[in-house]
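Asker: Pasting a structure below so you can have a look.
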Amino acid sequence: MSRKQRRHPESHYGGRDIELRAEPPPAEELPPTGRVRRRAFLGGLAAAGVIGSAACKKKPSGQGAGSGATKRVNVDSPRQHGIGDSKGSVSPPEKNVPNNILAQCPYCGVGCGTLIQVEKGRIVGMKPDPKHPTNRGLQCIKGLTSAEAIYVDRLTKPLVRKDMTDILKGHVSKTKGRFDASVFREASWEEAEHIVVEQIAGIVKKHGGNSVGLYGSGQLPVEGQWLENLFMKGVLGSNTIEANARMCMTSAVTGYFKSFGSDTPPTAYDDIELADMVTHWGHNARGSHPIIFWRIADHKSKTGIPTLVVDPRRTGTVQGYEEIAKTPNAYHFSTINGDISIHNAIAHVLLTKHEKACDFDFLKKHTTGWEKYIKACKERYSPEQVKDITGISPAYLRKVAAEWAEASIKGKKRGKGGVLSFWGIGYNQHLHGQNNTVSLINLMALSGNIGRPGCGPFSMTGQPNAMGERLTGGLTGRLPFNQGIANQSWRDHIADSWRIPRDRLAGVSKLSNTGYAVGMMERALKGEVKAMFLIYATHIDLPDQHTLVRPALSKMFNVVQEIYRHAPNNLYADVILPAATWGEWVGGTYIQSERRFYVTDGTANPIPGTRPDIDMVIDKGKAIAEKLGLDGEKIFPYKRKKNGFYDPEDVFRDIVVASKGSDADLTGMLEVEKRDKVGLYDQIRKHRGMQWPAPTYEIAKKGGTPRRYMSQEHWAGKPYGEFRTADGKLHIHLCEQDYSKRKEITAQLARAGTEEGFYLIDNYHLLVQARDMGLTPELPDAEHRDKTWQKIPKDKYPYWLGLGVVYEHFHTAKTVRSGTTRRLVPEQYLEMHPDDAKTLGIKDGEWVRVITRRGSYEARASIGLDSKVKPARNTVPRGYMFSPWNLSVADSADPKKNRWLVNGVSHRAFDPVSGQADFKKLAARIEKIG
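Under my numbering, the first residue of the sequence shown carries the number 137, and numbering increases by one thereafter.
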C-alpha cells in the first residue's frame, strides 16, 4: 500500500487518532495527513465527539482512561525529548486529592474545559469536560497529553549562578549562556530570596524603578498577573513590564481600542452556529485552535455556509473546508501582506456592486470617519487596482465579495448571523498589525456585521490567559480594566485598590518604555535596563535572538521563576526559583478568548521544593516594599492557608472589587455571593465560566455577558454608550497600502540586527512610515530564485520565510517534553514548494540551513503533502517557505548543541503602536547541509 493510500482522515487533527498509547507507536504507524474526504472528515468529527464524551465516564487506571483521556507514558527520560540530561522525573508526595479537578486547558486561548485526573496526589491524565460550553466534551491532542510534561526535568531547589552578575558592584557574569551544573550552586529559598531582594531594591534605589524589567506570561493565572503588575508599577515604580502577550495579540488589543475604545472581542463562541459566513485572517484554526475549527466545520457541513481563509499557505484549515463543502464555497486567498488591500477591495465591490449590503444607517448613527473611508475604497481599491499587492484574481475576489454581501444581508434580515471573522497571531504579527485589525473592523462596520449575535470581529489568543494579561494591565503603560496609566482618576482608583500611595503611580505614568518588548531589550543593550524578571515565559519567543535578546540578557541581573531545569531562560539566569506548574496550583483563574473567566484548580500538591508564582510575588513583594520604605503587609495583606499556600481567591476578590466602574465590572458576583451565599470561584465553577462584564446581580447570576456593544450587554447604567469611545461611536480609520517607497524603507529597517549601534527605538519614524504604507520588514531578492543553492550569492536572500506554529506542539517549552506529541512531530522542518526545491537542488527529507541577515537554523526539507517529514499537511506557494517555532529547543536548549532556534533569524521590526514584531515576512537563503 502506498503512503498516500495509508493516510488516515484527520490523522493529527482529532477524530479517531486521539487514542494515545502507553508507548508511542513506531514512526511508520503514525499516519501523515493529506486530503480529507468529506464523509471521512465528518466521521472523524463524530468519532472525536463520541470518544470525548465516553471517556468522561471512565475512571483512569494505571494504563489510562481510554481513548478520550491520556494514557500514561514514560516520562522518566527527558533525553527522549532532547531537552537536557536530567536524571529523571520527580513526584509529589502521596496525598488524598479529588480525582476530577476542574481546570482550563493550559495551552491555547480557546479555553477548553479539562478534568485533571489524579491518583494518590499525582496527576496521571486529562479528559475533556463534557459539561463545558466551549469544547463540549472534545479536546485536541495537546490538551489530552498535557499531563505528560508535568513531572519531567523539574527544578526542585533554588539555584544561584556562581559568577553572578552583581549590578551594585559593577560585575557582569562571564558564564551567561551556560546552564551546566558547574556554573550554578544550590541555595536555600531564604538565601535565594535574600539575594533577589537585596539586588532589586538596591538597583531601584541607585538607578530608578524603570531600570528593572519584567517579561511575564499568558500562562500565569489572572491573580498572578494582577500581583506582578502591582509589584512592578506599584512597588518598584517601573513601567518596564512586558509579557509574551506582546508577541501574540497586542495588534488586536490596540486595534480594538482604536475602533471601539476598549479591548477584547465583542463576540461569543456561540456566534459560530449562527453565522452565515465565516472568515479566517492569518488564522490556521485547524492547527492553532482545533475546537473552533471543528465547530465551524460542523456548522458548515450542516448549513453549507461559505468560508474564506486568508493565508499564504494552503493549510489544513483550507483543505478541511474544501473537502466538506457541499458546493464550491470554501475560498482561499493565498496572499503575502495583502490583507488591508483585500479588505478595502471587498469594500469597493460592496459599495459599487452590492450596495444593499452596506449599512449606511449604522454608519451614520453609530460611526465616525466613514465618509473618508468610503471615498478612498471607491477611488483606489478596486480588485484590479490592488492585484499586484494582493496577488488575488479580481474575478475571484469579486466572487468572495458577493458571498460576503449575501451573508450580510441575510444576517440583517433575520436579526442574527452575517459574517463572523476570526484572526490569529499570523494576522497580528505585522509591521501594520494594528491597522490590520482596524481595517477589518472597518469592513465589518460597512457591511453591518457588528452589534448582533452571529457576526463580528473575533481575535483568537495564542496563550491560555493572554486575555488575563490584557485585563489586568500587565503591559507597558496599561492599568487594569482597559485603561491607560495616563487616566488620572482611574490611576488613583487603582492606587487605592493596590493600597499604595497615589503619587507612586503618578510617577510611573511619566516613565516610558519605548518600543515595548523589543524596546526593553534595546534599552538593556544601551545599559538602561539593569535587571529582569522572567516569569512563566521564555525569552526565545522574542525576535532576533542572536543580536538583540541574548546579548541584552547577558548584561542584566536576571531572576527566573522556572519549572524546568533545562529551560532556555536558565542560560541567562543569575537566580533560579523553582516554580509549581499548572495542575499543581492551589487555584486561580484564566480568561479565554470569549472573555470567559474559568477556574484553573489544581492538586495543591506541588513537587517538594517548588512554590506557586503567586506565593513568590507576594513574598518578594512584601520584602522589597519594606526595603523601599513602603508598607509591605498593607500592600500584600494575604494570609497563608492551612496547606501553607496563599489563597488565590483572596486576590481574585481584590480584582472583583477593583473592577467597579469599569467596562469589565465584575461586582455583580459580589451581589450573588451576598444574596445566594455562593462564593466567587464557586459561581465560576457552577456556570463553567463567567464572561465579563458581570456588573449586576442579574447578569452575574446568568454567567456574565456573552456579547458586547450596541446594547447587547443589557446593562442598565453602563458607563459608556453604544461603544466604549468617548463619544460612544465606533471610530472608522482609513488604513492603506502604498508600495512606492518599499525598497528604500525596508533597506533602512535591514540595519536593525546587522549594524552595531542601530536601534529601532531611536528610529521610530521608519516604523511609522512602514506601518502607514502597509509594508514588510524586508524584501527577498526574488531575481535569484532561478539559481541552485550553491550559486546564490551569500549576500542575497531570495525567498520569503514565515514562522508560526504546528498543531501538535504549543509554543516552545512544554509539548517537546511530551512523549506523544514529540513522536508525532519530532524534528524542525521547512515547508518548501516542489518547484523551489527542484531549482535549488534539494530533495525531500534532506537537512538544510535557513539563513537570514541575522542568523541561521537547521531544518529538514518537507516538500509537499507526500513528504516523509512529519507532519506534511500544508502546501506553500512558490517563493515562500515556512517553519514552526515550536521545535526551537527540541534538539537542545544548550546553545552549543542547539541548531533549530528559528527566532535566531527573525527581524526585530515591530508595529510602532502595538509593539508586535513581524515574524511572517522574512527574507531567507537556503543551503543544503552535507
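Each residue gets a CB set at the ideal place from its N, CA and C atoms; glycine is no exception. Just so we're clear, the structure is a prediction, and the values are computed from it rather than from any experiment.
Go ahead and pull the three-state DSSP assignment for Val-747.
Answerer: Residue mapping note: residue 747 aligns to position 611 of the sequence shown, counting from 1. Here residue 747 is Arg; the residue named in the question, Val, does not match the sequence. Note: Arg-747 maps to strand in three-state DSSP.
Asker: For Trp-559, list the residues DSSP reports as bridge partners.
Answerer: Start at 1 with the first residue of the sequence shown, and residue 559 comes out as number 423. According to DSSP, which records beta bridges pairwise, Trp-559 is partnered with Trp-417, Ser-595.
Asker: Here's a check: name, in chain order, each residue in its chain whose Cβ is nearer than 8 Å to the Cβ of Ser-575, leaving out the five neighbours to either side.
Answerer: The sequence position of residue 575 within the sequence shown is 439, counting from 1. Around Ser-575: Asp-475, Ile-476, His-479, Asn-480, Cys-871.
Asker: Classify Val-348 as helix, strand or coil using the three-state DSSP reduction.
Answerer: On the sequence shown, residue 348 is found 212 positions in, with the first residue counted as 1. Strand at Val-348.
Asker: Hey, is Lys-691's beta-carbon within less than 8 Å of any beta-carbon in chain B?
Answerer: Of the protein chains in the structure, only one exists, and it is not chain B.
Asker: Using CA atoms only, rank isn't needed, just tell me which of Gly-940, Ala-949, Thr-988, Arg-953 is closest to Tyr-965.
Answerer: If you number the sequence shown from 1, residue 965 lands on position 829. Of the candidates Gly-940, Ala-949, Thr-988, Arg-953, the one whose C-alpha sits nearest the C-alpha of Tyr-965 is Gly-940.
Asker: Within a Cβ cutoff of 7 Å, which residues of the same chain sit near Gly-257, ignoring the five residues on either side of it in sequence?
Answerer: Counting from one through the sequence shown, the residue named residue 257 turns up at place 121. For Gly-257, where only same-chain residues beyond five positions count, the Cβ hits under 7 Å are Pro-228, Pro-229, Glu-230, Lys-231, Val-233, Thr-739, Asn-741.
Asker: Mapping the DSSP letters down to three states, classify Tyr-243 as helix, strand or coil.
Answerer: Walking along the sequence shown from the start, residue 243 turns up at place 107. Looking at Tyr-243 - three-state DSSP - the assignment turns out to be coil, as it is neither helix nor strand.
Asker: What does the alpha-carbon distance come out to for the pair Glu-515 and Ile-586?
Answerer: The sequence position of residue 515 within the sequence shown is 379, counting from 1. The sequence position of residue 586 within the sequence shown is 450, counting from 1. Cα-Cα distance, rounded: 25 Å.
Asker: Mind checking whether Thr-573 and Ser-398 have CB atoms under 8 Å apart?
Answerer: The count along the sequence shown starts at 1 and reaches residue 573 at position 437. The count along the sequence shown starts at 1 and reaches residue 398 at position 262. Not closer than 8 Å, so no.
Asker: Locate the alpha helix (DSSP H) running through Met-656, then write down its first and last residues.
Answerer: Start at 1 with the first residue of the sequence shown, and residue 656 comes out as number 520. Per DSSP, Met-656 belongs to the alpha helix (DSSP H) from 652 to 661.
Asker: Which residue wins for smallest C-alpha separation from Leu-350, given the options Ile-671, Thr-988, Lys-756?
Answerer: For the purposes of this step, residue 350 is taken as the residue at position 214 of the sequence shown. With distances taken between Cα atoms, Leu-350 lies closest to Ile-671.
Asker: Three-state secondary structure (DSSP) at Asp-447?
Answerer: For this step, residue 447 is matched to residue 311 along the sequence shown. If DSSP states are grouped into helix, strand and coil, Asp-447 belongs with coil.
Asker: Would you tell me roughly how many angstroms separate the C-alpha atoms of Gly-423 and Trp-1036, rounded to the nearest one?
Answerer: Counting from 1 along the sequence shown, the entry for residue 423 is found at position 287. Counting from 1 along the sequence shown, the entry for residue 1036 is found at position 900. Going by the C-alpha atoms only, they are around 21 Å apart.
Asker: In angstroms with no decimal places, state the Cα-to-Cα distance between Val-695 and Met-668.
Answerer: Sequence index remark: in the sequence shown, residue 695 carries index 559 (1-based). Sequence index remark: in the sequence shown, residue 668 carries index 532 (1-based). About 6 Å.
Asker: Return yes when the Cβ of Ala-239 is within less than 8 Å of the Cβ of Gly-719, no when it is not.
Answerer: Translated into the one-based positions of the sequence shown, residue 719 becomes position 583. Translated into the one-based positions of the sequence shown, residue 239 becomes position 103. Contact: yes.
Asker: Taking the alpha-carbon positions, what's the Asp-302 to Asp-406 distance?
Answerer: The residue labelled residue 302 in the question sits at position 166 within the sequence shown. The residue labelled residue 406 in the question sits at position 270 within the sequence shown. When rounded, the distance between both Cα atoms is 53 Å.
Asker: From Lys-763 to Ile-339, what distance separates their C-alpha atoms?
Answerer: Residue 763 sits at position 627 when you count from the first residue of the sequence shown. Residue 339 sits at position 203 when you count from the first residue of the sequence shown. Cα to Cα, the separation comes out at about 11 Å.
Asker: Using 8 Å as the cut-off, can you tell me whether the stretch 461 to 475 makes contact with the stretch 430 to 450, which would need three or more C-beta pairs spanning the two stretches below that distance?
Answerer: In short, these stretches touch, since the Cβ pair count reaches three.
Asker: Using the three-state DSSP reduction, which class does Glu-993 fall into: helix, strand or coil?
Answerer: Counting from 1 along the sequence shown, the entry for residue 993 is found at position 857. According to the sequence as given, residue 993 is Tyr; it is not Glu. The answer is strand: DSSP assigns Tyr-993 an E or B state.
Asker: Within this structure, are the beta carbons of Arg-860 and Phe-396 separated by less than 8 Å?
Answerer: Numbered from 1 along the sequence shown, position 724 holds the residue referred to as residue 860. Numbered from 1 along the sequence shown, position 260 holds the residue referred to as residue 396. Cβ distance < 8 Å, so Arg-860 and Phe-396 count as in contact.
Asker: Reducing DSSP to helix, strand and coil, say where Lys-1064 ends up.
Answerer: Here the question's residue 1064 lines up with position 928 in the sequence shown. The answer is strand: DSSP assigns Lys-1064 an E or B state.
Asker: Of the residues Trp-983, Tyr-563, Pro-1020, which one's Cα is nearest the Cα of Val-445?
Answerer: Taking the first residue of the sequence shown as position 1, residue 445 is located at position 309. Out of Trp-983, Tyr-563, Pro-1020, Tyr-563 has the C-alpha closest to the C-alpha of Val-445.
Asker: Taking Cβ to Cβ, would you say Thr-292 is nearer than 8 Å to Ile-743?
Answerer: Taking the sequence shown and counting its residues from 1, the one referred to as residue 292 is at position 156. Taking the sequence shown and counting its residues from 1, the one referred to as residue 743 is at position 607. A contact, by the Cβ cut-off of 8 Å.
Asker: If you count every other CB in all the chains shown that lies within 10 Å of the CB of Arg-550, and 16 or more means buried, which is it?
Answerer: Counting from one through the sequence shown, the residue named residue 550 turns up at place 414. By the neighbour-count rule (16 or more Cβ atoms within 10 Å), Arg-550 is not buried but exposed.
Asker: Let's test the definition: count the other Cβ atoms within 10 Å of the Cβ of Phe-469 and tell me whether it reaches 16, buried, or not, exposed.
Answerer: Locating residue 469 in the sequence shown gives position 333, counting from the first residue. Counting Cβ neighbours within 10 Å, Phe-469 comes out buried, since at least 16 surround it.
Asker: Give me the Cα-Cα distance between Gln-1052 and Pro-679, rounded to the nearest whole angstrom.
Answerer: As a working note, residue 1052 is residue 916 in the sequence shown. As a working note, residue 679 is residue 543 in the sequence shown. If I take the Cα positions, the gap works out to 10 Å.
Asker: Which residues in the same chain have their Cβ closer than 7 Å to the Cβ of Tyr-782, if we skip the five residues on either side of it in sequence?
Answerer: Position 646 of the sequence shown, counting from 1, holds the residue named residue 782. Answer for Tyr-782: Ile-750, Asp-751, Ile-754, Tyr-774, Arg-776, listed in chain order.
Asker: Going by CA-CA distance only, name the one from Thr-912, Ala-581, Lys-552 that's closest to Phe-496.
Answerer: For the purposes of this step, residue 496 is identified with residue 360 of the sequence shown, where counting begins at 1. Checked all of Thr-912, Ala-581, Lys-552; the closest Cα to Phe-496 is Ala-581.
Asker: Which residue's Cα is closest to the Cα of Thr-471: Gly-456, His-484, Thr-451?
Answerer: Here residue 471 is taken as the residue at index 335 of the sequence shown, counted from 1. Minimum Cα distance to Thr-471 is reached at Thr-451.
Asker: State buried or exposed for Phe-1046, treating a residue as buried only when at least 16 other CB atoms are found within 10 Å of its CB.
Answerer: Taking the first residue of the sequence shown as position 1, residue 1046 is located at position 910. By the 10 Å Cβ count, Phe-1046 comes out buried.
Asker: Just how far apart, CA to CA, sit Val-226 and Asp-289?
Answerer: In the sequence shown, the residue the question calls residue 226 occupies position 90. In the sequence shown, the residue the question calls residue 289 occupies position 153. Approximately 8 Å, taken between the alpha carbons.
Asker: By alpha-carbon positions, which one of Asn-465, Leu-486, Lys-489, His-416 ends up nearest to Thr-453?
Answerer: Translated into the one-based positions of the sequence shown, residue 453 becomes position 317. Of Asn-465, Leu-486, Lys-489, His-416, the residue nearest in Cα terms is His-416.
Asker: On a CA-only basis, which of Leu-295, Lys-267, Asp-316 is nearest Lys-1033? Give me that one, please.
Answerer: Taking the sequence shown and counting its residues from 1, the one referred to as residue 1033 is at position 897. Lys-1033 has its Cα closest to that of Asp-316, out of Leu-295, Lys-267, Asp-316.
Asker: Which residues share a DSSP beta bridge with Lys-263?
Answerer: Within the sequence shown, numbered from 1, the residue matching residue 263 stands at position 127. For Lys-263, which the question treats as bridged, DSSP gives the partners Leu-251.
Asker: Would you list the residues sitting across from Val-296 in a DSSP beta bridge?
Answerer: By 1-based counting over the sequence shown, the position of residue 296 is 160. For Val-296, which the question treats as bridged, DSSP gives the partners Arg-321, Val-711.
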